[in-house]
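Per the UniProt record's numbering, the sequence shown starts with residue 1, numbered consecutively. By construction, the Cβ of each residue, glycine as well, lies at the ideal position given by its N, Cα and C atoms. What you are looking at is a predicted structure, and each value in this text was computed from that prediction instead of being measured.
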Amino acid sequence: MTETPAPAPTGRDDAADGTAPEAASSDVTVDATGDVTGDATGDATGDATEEVVEDVTDGVAPDVVEAGTTTGSEDAVTAPASTGTDEGSATLDAAEDAPAPDAGSAAEAAAATEVETAPAGGTAPDAGTETATEGETATDGGTALDAGTALDAAEPEAAGTVDEGTSEAPAAGAPAPAPRRPAPGPRPTPGGVRPRPPRPGAPRPAPAAAAAPVAPPVDPQLAIEAAAFGRVDADGTVYVREGEGERAVGQFEGSAEDALALYVRRYLDLVAKLTLVEARIAGTDLPVKEIDAQLAGITEDLAEPSAVGDLDALRARLAPLRELASARRATVEAERAAARAAALEARTAIVEAAEKIAATDPSRMQWRPAGEQLRQLLDRWKESQRGGARLDRATEEQLWKRFSHARTAFDRERRHFFAELEQRNTSAKTAKEGLVAEAERLSSSTDWGATAAAYRDLMTRWKAAGRASRSDDDALWARFRAAQDAFFAARDAQNAQTDEEFRGNLQVKEALLVEAEALVPVRDLNAAKSALRSVQERWEAAGKVPRGDLQRVEGRLRAVETAVREAEQSQWRRTNPETRARAEGAAAQLEAAIAGLEDELAAAQAKGDARKVREAQAALDARRSWLEQVERAARDARG
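Structure below.
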């Protein structure tokens, strides 16, 4: 029996290459002692086993050939596509749990063994070939789906979906293989069968390494509705109704019911796949690239699939998915745009902060904190690159050039500043080393006055020399201060000794001060001047006094001398001949003026001129006042 479906335009193979394990491609297994076990869905009795054996021995899976492609031989048997179900292991487990058949079943067991180990002379189809068997359409009970009736819900899980691929059967003429180990998976046990212990001498097959996924259950109503969109002509060609006409999807050499069941199940697989894509796109936060890949895959699958069903309705369901994908893409693009804007703002802030630091006046720059700030800005830049949105290359390069230029300018100014600072420090160090050497030479001098003045000059030059490095400056200052301290300590010791020697002179001068201060206030100028000269002579003869008392005693003596000098000057002003002559001349002039004014006053009174009387009287009063002052000055000058 040969089926020739139309080739898929996309070049995709509905059946993947690979060899299916025996446990997944056979409904019957034989243990080491020749016992025959039936499908897990059958009864766990000998009659069920016989029925399964008869079903297997009576028919062989038909060849399925793509349109324009033939398999190796007409009688070749292709293994059904493995869906990765656990039916094989479930069958073995159910067979072990079922009662052993009686002796009359030996022939049937032998026939079952022959069928199980019969070679399949064909290979899995290549990329453009689609292979299927009756096992894909057979139900668990061995019955086929009638057109227009519901598919049996217990369709064998061993028949996999076309997308999951088919498996090769053993080559024709090969020796009968030993029973294979079934793939591990769920181990269902029929409800009415009790497990029995394994028969002695019959080893249990070890489970395989991995379990395959379970095929989705078939919805009978959906299968009936899908079958209404297909038909099978007399030569086995299967057609599907879509759009305004029909399209041949393949050819199947079997019953029309089996042919429709095969292609309806493929349609149901597409429905399940589309439903899964819809759920993933609508219910999960997939990346846009993954959404596009999912849509591209399902669109390709629905282009011209080898399936029977309402394909137009499936294609119509793609439009909302595309709209949802477009909305998701727009949302993602908006989020990316916002993230890029935020990243651009953050990077720009970093660059502007770096440029502000680089533009600071080098003379006012705090280099260590500024350098630390630039390092932190660089770390922020790297973190923004790692965790933020990606900027376009031109913008990122422009910002990086600005940031790099700011860092380069800062480093250049810092190197220049510290080079100049090192030069200034070296010059200051050289100058201060000379000052320290000179101060150390003067530290042993006993010329106290001149050396103290020299040290004051050295201090002025030290301040003008500038600062060296902190360590050098501190060391040089310690030496300079030590030389100063040595000199002034020696001077203070000498002064202390001298002060002790001058302590007696102080007592003499204090007694002279008492005598001198008794002359004030001055009553007799000549006697005061004579007594002060005597005190001054004895003052000089008394000698020096301690330095701490010098200003005090000298100040008291100067106060007495000042009082005597002022008394002498006052007496001179009074006895000055020129002053007396000027006073007498002024008095004579005033007396003459007063006589004239008296005559004018008498004449005005005689005439009765009141105005002239007032004027003459005022002038006369003023002249008389002036005359009194002049006469008093003349008397003072005469003594």
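| query | result |
| --- | --- |
| CA nearest to the CA of Phe-417, picked from Arg-402, Gly-555, Asp-361, Asp-258 | Asp-361 |
| Inside the region 437-482 only - alpha helix (DSSP H) runs reaching at least 4 residues | 448-464 |
| Where Arg-241 falls: helix, strand or coil (DSSP) | strand |
| Cβ-based burial, Val-535 [other Cβ within 10 Å; buried from 16] | buried |
| Nearest-angstrom Cα separation, counted from Ser-306 out to Phe-229 | 13 angstroms |
| Alpha-carbon to alpha-carbon, Ala-256 and Ala-313 | 24 angstroms |
| Coarse secondary structure for Arg-231, derived from DSSP in three states | strand |
| C-beta atoms of Ala-567 and Val-522 nearer than 8 angstroms | yes |
| Reduced DSSP secondary structure (H/G/I, E/B, other) of Ala-253 | Correcting the residue identity first, residue 253 is Glu in this sequence and not Ala. Correct three-state label for Glu-253: coil. |
| Backbone CA spacing between Glu-517 and Ala-542 [nearest angstrom] | 18 angstroms |
| Close-in-space but distant-in-sequence residues of the same chain around Arg-329 (CB under 7 angstroms, 5 per side omitted) | Val-288 |
| Per DSSP, cross-strand counterpart(s) of Ala-248 | Tyr-239 |
| Simplified DSSP state of Val-332, which is helix, strand or coil | helix |
| Distance between Pro-369 and Leu-321 (C-alpha atoms, nearest Å) | 57 angstroms |
| Same chain, Cβ closer than 8 angstroms to Ile-594, neighbours up to 5 away in sequence not counted | Leu-620, Arg-623, Arg-624, Leu-627 |
| Val-238 beta carbon less than 8 angstroms from that of Phe-252 | yes |
| Buried or exposed by the 16-neighbour rule on C-beta atoms within 10 Å, applied to Gln-366 | exposed |
| CA nearest to the CA of residue 672, picked from Ala-279, Asn-526, Ala-453 | No statement about residue 672 is possible, as the shown extent of the chain runs from 1 to 639 and does not include it. |
| Span of the alpha helix (DSSP H) around Arg-503 | 503-517 |
| As assigned by DSSP and simplified to three states, the class of Pro-220 | helix |
| Candidates Gly-236, Thr-426, Ala-602: closest to Ala-616 by CA position | Ala-602 |
| As assigned by DSSP and simplified to three states, the class of Gln-366 | coil |
| Exposure of Arg-635, with buried meaning 16 or more beta-carbon neighbours within 10 Å | exposed |
| Run of the alpha helix (DSSP H) containing Asp-292, from where it starts to where it stops | 288-301 |
| Beta-carbon gap between Pro-499 and Gly-548 smaller than 8 angstroms | The sequence as given places Asp at residue 499; Pro does not occur at that position. Yes, they are a contact pair. |
| Which of helix, strand or coil DSSP assigns to Pro-320 | helix |
| Other residues of its chain near Asp-473: CB distance less than 6 angstroms, five sequence neighbours each side excluded | Arg-467 |
| Rounded separation between Leu-525 and Arg-503 - CA only | 33 angstroms |
| Selection from Ala-482, Trp-572, Lys-509 that minimises the alpha carbon distance to Arg-556 | Lys-509 |
| Nearest-angstrom Cα separation, counted from Ala-454 out to Gln-484 | 11 angstroms |
| Residue of Ala-293, Ile-298, Ala-282, Ala-346 minimising C-alpha distance to Ala-327 | Ala-282 |
| Distance, Gln-507 Cα to Glu-631 Cα | 51 angstroms |
| Neighbourhood of Ala-633 by C-beta distance below 6 angstroms, restricted to the same chain and skipping five residues each side | Ala-583 |
| Classification of Lys-607 by the beta-carbon crowding that lies within 10 angstroms, buried from 16 upward | exposed |
| Reduced DSSP secondary structure (H/G/I, E/B, other) of Gly-596 | helix |
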